[in-house]
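Chains as they are written, first to last, in UniProt numbering: chain A, 1 to 451; chain B, 1 to 451; chain C, 1 to 451.
For every residue, glycine included, the Cβ atom is placed at its ideal position computed from N, Cα and C.
Here the structure is a predicted model, which is why all the values come from computation and not from measurement.
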Amino acid sequence: WANTKTDSTAPEQELLCIFGTGDLGRSLGQRLLHSGYRVVYGSRRPHSCGPLPQGAQAMSHEAAAQSASLVFLCIHREHYDFLETLAPQLQGKVLVDVSNNLKKNLYPEANAECLQRLIPGAYVVKAFNTLSAWALQNGPSDANRQVYLCGNGAEAKQAVAEVATKLGFAALDRGSLSAAKELEDFPLQLFPEWRMPLYVAVGLTAFIFVYVVIRDVVYAYVEQGEDNSFRIMVSLANKVFPIVSLIMLSLCYLPGVIAGFIQLYRGTKYRRFPDWLDRWMLCRKQLGLVALGFAFLHMVYTLIIPIRYYVIFWGSNRTSVFDTTTAWRSDSYYSMGILGFGLFLLLGITSLPSVSNALSWREFSFIQSKLGYLTVFFCTFHTYLYGWDKFLRTYKWYMPPAYMLSLVLPSVLIVLKLLLLLPCVDRSLTRIRQGWERTDTQDGSEKPLLT
Amino acid sequence: WANTKTDSTAPEQELLCIFGTGDLGRSLGQRLLHSGYRVVYGSRRPHSCGPLPQGAQAMSHEAAAQSASLVFLCIHREHYDFLETLAPQLQGKVLVDVSNNLKKNLYPEANAECLQRLIPGAYVVKAFNTLSAWALQNGPSDANRQVYLCGNGAEAKQAVAEVATKLGFAALDRGSLSAAKELEDFPLQLFPEWRMPLYVAVGLTAFIFVYVVIRDVVYAYVEQGEDNSFRIMVSLANKVFPIVSLIMLSLCYLPGVIAGFIQLYRGTKYRRFPDWLDRWMLCRKQLGLVALGFAFLHMVYTLIIPIRYYVIFWGSNRTSVFDTTTAWRSDSYYSMGILGFGLFLLLGITSLPSVSNALSWREFSFIQSKLGYLTVFFCTFHTYLYGWDKFLRTYKWYMPPAYMLSLVLPSVLIVLKLLLLLPCVDRSLTRIRQGWERTDTQDGSEKPLLT
Amino acid sequence: WANTKTDSTAPEQELLCIFGTGDLGRSLGQRLLHSGYRVVYGSRRPHSCGPLPQGAQAMSHEAAAQSASLVFLCIHREHYDFLETLAPQLQGKVLVDVSNNLKKNLYPEANAECLQRLIPGAYVVKAFNTLSAWALQNGPSDANRQVYLCGNGAEAKQAVAEVATKLGFAALDRGSLSAAKELEDFPLQLFPEWRMPLYVAVGLTAFIFVYVVIRDVVYAYVEQGEDNSFRIMVSLANKVFPIVSLIMLSLCYLPGVIAGFIQLYRGTKYRRFPDWLDRWMLCRKQLGLVALGFAFLHMVYTLIIPIRYYVIFWGSNRTSVFDTTTAWRSDSYYSMGILGFGLFLLLGITSLPSVSNALSWREFSFIQSKLGYLTVFFCTFHTYLYGWDKFLRTYKWYMPPAYMLSLVLPSVLIVLKLLLLLPCVDRSLTRIRQGWERTDTQDGSEKPLLT
């Protein structure tokens, strides 16, 4: 049997070497073995280096290094020094540095760069460091499929990329070794793309909160001398949440409209947007989700109104006569709010990775843009109905009611969007987005496909 | 080093050719290179065709075509004509057509078929067109892993399927080149499987809405001359939503029961169901999710009742004496509704791709069927409790109250399901579903495994 | 063309054999063909064995077995007997047993073991049985990517693992053939990791329910002779849900704290935890999600209070004078509850497979631990505010109000957590978790990397 076996798969039995027999080293070896490689471990004490995956053998670092053309370094940076002694054996080999640090900027230079400095004769490639031992053990899953790599030798990177692909990962080249620092920071970063949206949210919340406190609590205290500070916990919170939510929702759709106007102005889609716009567009999803969170709080806070002690006590101040218009208004006001929230929720659900993955590009853009603008409209209309007729009345200390502040941005957004939807404008924008350029000089094979 | 490298992976260094250096062409080349292929680009201006992925080279179309046995066409259909001049070089090659169109039915015949007509001597295979440049760049993710392909040459398709597999995709053969049109429509379609459920939803909503408007608003206006049109926005909406939701929920479970009866009648599971039933069963998930949406709206609309101006104004009409039975009834009514909604939500969550993927088949069917029917029961019971004693009373213009309409289908469904659960019936149905046939003639090795 | 094609991929054209032409056999063959294998089917009637995937051929079992070194058995266990006659041809081959049973413990010994007994000369490997024909047809998706395998021959397992990897799956070695029984039970198990949390939930619910029934209903009936049994459906349910939810939430975070103390005491993270703690920690996610479910019910049950007949009838008992403190308290009470629930929801969302996959390890632990403890704090504080001043009053039959029971565990949890957060304690714990040991004897290369 052995021979049938051998010659059937012999050509791919490449030998790889791993330095370090820790969690990661062992998991990596396991996966390599399962993917049809032969694996040899380099260890200080080849005969007592703990349990190794079945099929792998352990040798001295020297022997191991010599035997393979590709060496994985699964060891701490603090222990790199001993590699210097192996310089001759590692001459011309591919060294894959998978190490990480405990903190950012622990060292001035990236581990991989320090390694390259130690062994100038080797081709150092930074790779696999974003994967956990766990991810290796269980094979690639949807999220940790990407293997980022960088290095100075093109052929070396190529070799590592092939190994990654064979292991079932998707290799992504991040350029020269100078990108190593960035790769080493990946596992340490904490929601980078959420930072900006959260700052905006906190800033807005703080501002609106102070605004309503002054307008509703301080004003009442100073002018009428009554203390309704207790309204802070629910009544005022429930003014802050919807306002922040609506503003952030429009912040999430504004950049798209701006981009449209820029493309119209430039007459092409192939020139990059200004950086601030790029960055803004990249965090639209996060802006939207934060806004959804605030909308959710607004809904629940609204629903508990009737069970509040304060409300139960004072009851509702009834007017003498039932007014159908008011009934219409209050009911439409609630309906708009609920429908808007429902759509908003739908947007949130479709931005779940697994759901958005399952959508075709056309479907995704339909939901996120068409339904998105419908949501904006519902929520804005909801707020207008709330304002109703007390729009230009009820100023206190020359401060307009807070909800009026929240109406500025969405109103602007809707107007701009309507401009873009004018048949003539829409037509030329569509053509631009389909690759057409006002002054078209390229030959076809260079026009990107619509995919 | 070079030579170790070479001979270790030499056998797999297959050379592939790509026509077109646009977004898609470049991304595809990148991924191919990372997967261990050599890549050559065919271009009109090999020396000025913009940035190419590192490691790939560019040649004239002729030279490129000659060098490889497999050619990817990443160019617009409008530019196919120049290929005719390459017919000799493309003779006997595999041409992979990855092109898409901007609209459906832009051309009478599929791009791939037109291509085959232009170069009869080549083996045209339609493939990769459902993938975006983005998906190629970042490697396969859970959703866009499938690569659909079709073509007339079995060997050619085989070759393309192998490339796809090596790139980490899963190849799915869709038959001969005549399927190309269908594949080219994939990226353009908009929620095909949602269409039917949405039509049903809209139709039902419209009908029920008109029904309740006539019964509650028009009737009151004509008979008592009072205008309660304002009730449309919330009161009536909140009658329509639960009714549509309940009907669609039962529509989601009905086909399963019907299928059961058909299998019982036929005594086998190996004969296909009638088309209408197949199509119905294929959109059960969508039916359920739409129903969930309506249930959600119903819940929120119910919860805002006490803060409505109308309700606050008229308050509640109290009877003179507190009736424990009524208290029991109203509370159970609410409980049933909430528990039903809770279960419904659970069903919705488990039908999220990533969640249902994580379930074993047995677990998924347990939730979707067992818990599903429990949900149906709760919701139906909830509605019966709502009706309570005013069942055969309160007709207006001979129209029964709307909620009674919603009770027909679920009641039928529950009865049918109970029939299927009768021990004797259940036993034989189970045996049929385990592959047993009333007249069993096959030998074991042809009976499908229960996996 | 043929020859270019051939020599380009010839080296990988390994031939594999499949016994059984059922659903699974056919799907498996298809996938193998697409991944670049040649496939031959073994069948009783090679010429009338129904449709086979294009490119595969069918032979007699004997011929098929002889032709390949690796044979997949896609047939029912009941039909294994005929294999005995093939013993000579199967001598020294790898037999991959993919069979499953309809029930657990249908047979005393695992299918694979029985197979090994029948053909002692072959290398039996249990594998692929956890995959459905459907999963094979459509290629690996995120959830069913793992292929578990076990067997006695290391080389044989290696060969199967390679096939699995080439098919795009991730092979996981489960050891010797004695593990086959376990693998064969996988597709049959029903939420094993949910069992314990659900038992706990049911047990707690039952206990608390009885407790409140005695305290609120029975007591009132015996002492004041009034029947408020109707309160069971909502009022009492809404006492049980939050209590169970809070207790289970703290049960979800308690093991982490305990583990911390154990590590501190041992001064290392490399020694295994006691089994009970391991098992407890493994079902933390489930504990949390069940708790979330109960919290959701609690929220909705609370929101319907004002529309209950009972409440509407008796209205609210107003005190003579409006008390700001009470207003503050009740509002903060609601706010805490809502914010706690909001955070809780966030925890639930991030534990969706696709979401948690998209998070870096650091991000995941930030949310699940930092935000998790914040949730615990909010919910506990919410309950304390509910108790407010009627803490050591209102005993009935010496039974404290139910909510007090729910406060014990979370309070203990919070205290313990605060202890762990003391700078000195925290520092040494962090060092331990970074691989440091109180008595460090290992050399660096054996210290696991922080990945």
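Quiz item: If R31 of chain C sits next to L136 of chain C, beta carbons under 8 angstroms apart, how far is it from one beta carbon to the other, in whole angstroms?
Solution: 5 angstroms
Quiz item: Does the beta-carbon of K181 of chain C have 16 or more other beta-carbons within 10 angstroms, so that it is buried, or is it exposed?
Solution: buried
Self-check item: Reduced DSSP secondary structure (H/G/I, E/B, other) of Q189 of chain A
Solution: coil
Quiz item: Of the residues that make up the region 325-338 of chain B, which ones have a beta carbon closer than 7 angstroms to any beta carbon in chain F?
Solution: The structure shown contains no chain F; its protein chains are A, B and C.
Quiz item: Given that M59 of chain C touches chain B, what residues does it touch there, using C-beta distances under 7 angstroms?
Solution: The contacting residues do not exist; M59 of chain C stays about 13 angstroms from chain B at best.
Self-check item: N- and C-terminal bounds of the alpha helix (DSSP H) containing R427 of chain B
Solution: P423 to R433
Exercise. Measure from the alpha carbon of A259 of chain B to the alpha carbon of each residue in B:R433, B:S35 and B:H61, then state which is nearest.
Key: B:R433
Quiz prompt | Inter-stretch contact (C-beta, 8 angstroms, three-pair minimum) for the region 224-233 of chain C and the region 259-268 of chain C | solution = no
Practice problem: Starting from R38 of chain C, follow its DSSP beta bridges and name the residues at the other end. | Solution: C:L15
Quiz item: Taking the continuous beta strand (DSSP E) assigned at L106 of chain C, which residues delimit it?
Solution: Run containing L106 of chain C: none; DSSP gives neither H nor E here.
Practice problem: Pick helix, strand or coil for L70 of chain A, following the three-state DSSP scheme. | Solution: strand
Quiz item: Taking Cβ positions only, does P192 of chain B come closer than 8 angstroms to chain C?
Solution: no
Quiz prompt | Cβ neighbours of L359 of chain C in the same chain (closer than 8 angstroms, five flanking residues each side left out) | solution = T350 and I367
Exercise. Would you mind working out which of B:G340, B:F241, B:D173 and B:L190 sits nearest G203 of chain B, comparing C-alpha positions?
Key: B:F241
Quiz item: For a contact meaning CB atoms closer than 8 angstroms, what does T350 of chain A contact in chain B?
Solution: Those within 8 angstroms of T350 of chain A in chain B number zero; the least Cβ separation is about 11 angstroms.
Quiz item: Near S428 of chain C, which residues of its chain fall below 8 angstroms by C-beta distance, leaving aside the five closest residues on each side in sequence?
Solution: L264
Self-check item: Close beta carbons around T383 of chain B, own chain, < 7 angstroms, minus the five adjacent residues each side
Solution: L246, Y403, S406 and L407
Quiz item: So the alpha helix (DSSP H) C379 of chain A belongs to, where does it begin and stop?
Solution: G372 to G387
Quiz prompt | Residue range of the unbroken beta strand (DSSP E) whose run includes L172 of chain B | solution = A170 to D173
Quiz item: Could you give the residue range of the alpha helix (DSSP H) that holds Q89 of chain A?
Solution: A87 to L90
Self-check item: Closer than 8 angstroms to chain A by CB, G168 of chain C
Solution: yes
Quiz item: Using CA coordinates, which residue listed in B:L419, B:L188 and B:T375 is at the minimum distance from L106 of chain B?
Solution: B:L188
Practice problem: Could you tell me whether the Cβ of G21 of chain A comes closer than 8 angstroms to any Cβ of chain B? | Solution: Inspection of the sequence shows that residue 21 of chain A is occupied by Thr rather than by Gly. With 8 angstroms as the cut-off, T21 of chain A does not count as an interface residue toward chain B.
Quiz item: Using a C-beta cutoff of 8 angstroms, does Q368 of chain A count as contacting chain B?
Solution: no
Quiz prompt | Residues near T205 of chain A in its chain [Cβ-Cβ closer than 7 angstroms; skip 5 each side] | solution = V240 and V244
Quiz item: Under a Cβ-count criterion, where at least 16 other Cβ atoms within 10 Å of its own Cβ denotes burial, should D331 of chain B be classed as buried or exposed?
Solution: buried
Quiz prompt | Runs of alpha helix (DSSP H) lying entirely within the UniProt domain "Ferric oxidoreductase" (243-378) of chain B, each at least 4 residues, in chain order | solution = 275-282, 284-303, 309-314, 324-350, 353-358 and 361-365
Practice problem: Please check if any C-beta of chain B sits within less than 8 angstroms of the C-beta of S67 of chain C. | Solution: no
Practice problem: Tell me where the beta strand (DSSP E) around V96 of chain A begins and ends. | Solution: V94 to D97
Quiz item: Along chain A, which residues have their Cβ under 9 angstroms away from the Cβ of R308 of chain B?
Solution: A327, S330, D331 and Y334
Quiz item: Relative to chain A, which residues along the region 225-246 of chain B have a C-beta separation below 9 angstroms, given in chain order?
Solution: D227, N228, S229, F230, R231, I232, M233, V234, S235 and A237
Exercise. List the residues of chain C whose Cβ lies closer than 8 angstroms to the Cβ of W361 of chain B, in chain order.
Key: S132 and P187
Quiz item: Where does M233 of chain B sit, in a helix, a strand or coil, going by DSSP?
Solution: coil
Quiz item: Below 8 angstroms between beta carbons: does that hold for A112 of chain B and V124 of chain B?
Solution: yes
Self-check item: Whole-angstrom distance between G36 of chain B and V71 of chain C, CA atom to CA atom
Solution: 29 angstroms
Practice problem: Flag V355 of chain A as yes if its beta-carbon sits less than 8 angstroms from any beta-carbon of chain B, otherwise no. | Solution: yes
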